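In the working numbering, the protein residues as written are 92 to 433. Glycine residues also receive a C-beta, built at the ideal position from the N, C-alpha and C atoms. Keep in mind that this is a model prediction, so the values were computed, not measured.
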Ligand code: NDP
Ligand code: GDP
């Protein structure tokens, strides 16, 4: 039985990967900070209690050494991160401690305790920043535009460095945005899906968002974890992009989310004064606020995952509209469940 240690196991990707690896017969160790934040995800996937819990904070080297010595994993997936771009502008030092130095702590512990293990680092499309409109591939240069992305860039290169310097099997996936009903509500997709569902049931008046014109390559998280696992099953360690190859604006996401609840939108006004109105009622259901803008924005992201398609045999299946609909439907059934439980 293979043993796997997943940091940030109670986050979106950790939860999906845990379920995937439990189904494959792995013994899964979930390394998380104390408290029960995120346990709801394991509960929703029906795997609560099936993952062995290990206390670990990426800020604390002792935790990391202890966890590795205890588990002696065959595979390590590092998802633990301060993962919210907007927050990284308010907490740049903490973000770097976790997202950059935390990865060095983990790699250094692995080098000492279990150098034969295979290591996965969750890199991000944010590394590219605003580098034009073309699809990014593994050779595109990096121009990070947030403290989050700068810290992740360090983590990316330190992982490559440990591979080259010490011969560790250590890889990075450059992950384009991947979403699901398990996404945190701080992210725009889940925020919109939840708001559209509540508005359609009369439980909320409107949603307030930021830059409607930002464009992202949005895939379904449940499928991305298989690509990550495949990366660790290759004869040779290498880095790959995981992406859909399509890009859509926040505005399009909002239109699709409301459409999934049966509400048609029309846009009025410009810039911060722009509003989305429910065509049927004439009421404003979407407004824009400066609060949700970033000091520096990545306007558009679109990835080319041909290398993963060819070498890993991985490709995403869920299309944009299917993703939006499955997220909105999940929010509607959460509301139905709440009603039954009242
Ligand atoms: P989440 O935010 O859902 O999960 C991150 C996890 O990291 C949470 O469980 C969080 O725990 C944990 N964590 C935060 N700080 C620490 C710390 N100091 N020590 C230990 N654990 C910590 O992220 P996702 O699952 O969406 O993403 C997984 C990884 O992939 C992240 O590294 C993210 O940056 C990266 N990524 C994700 C993309 C996406 O679209 N989802 C795109 C590109 C990269 P707690 O609840 O206690 O805060
Ligand atoms: P990110 O790509 O990892 O930063 O994921 P997010 O979901 O946080 O943001 C995706 C894009 O949506 C970014 O360009 C944001 O500026 C934009 N956006 C617009 N409105 C909002 C909002 O209300 N919340 C968030 N989180 N992002 C928003």
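Annotation for residue 357: no alpha helix (DSSP H) segment contains it, though the beta strand (DSSP E) segment containing it runs 356-359. Counting only beta-carbon distances shorter than 5 Å to the non-hydrogen atoms of the ligand GDP, the qualifying residues in chain order are 176, 278, 279, 300, 301, 302, 305, 341 and 383. Runs of beta strand (DSSP E) with 3 or more residues, each lying fully within the stretch 158-196, are found at 166-169, listed in chain order.
Look at residue 231 here: in three-state DSSP terms it is coil, with no helix or strand label. The three-state secondary structure of residue 372, taken from DSSP, is coil. If you check the CB distance, residue 124 and residue 148 come in under 8 Å. As summarised for the stretch 111-142, the continuous beta strand (DSSP E) elements at least 3 residues long and confined to that stretch are 118-123, given in chain order. In the three-state reduction of the DSSP assignment, residue 333 falls in the strand class.
Residue 104 has its Cβ nearer than 7 Å to a heavy atom of the ligand NDP. Here residue 338 carries a coil assignment [DSSP, helix/strand/coil].
Boundaries of the alpha helix (DSSP H) around residue 244: 238-257.
Residue side-chain check: residue 101 places its Cβ nearer than 7 Å to a non-hydrogen atom of the ligand NDP. By the Cβ-count criterion, residue 355 is exposed, with fewer than 16 other Cβ atoms from all chains shown falling within 10 Å of its own Cβ. For residue 279, the uninterrupted alpha helix (DSSP H) run begins and ends at 279-291, by DSSP. The residue among 103, 256, 206 and 118 with its C-alpha nearest the C-alpha of residue 134 is 103.
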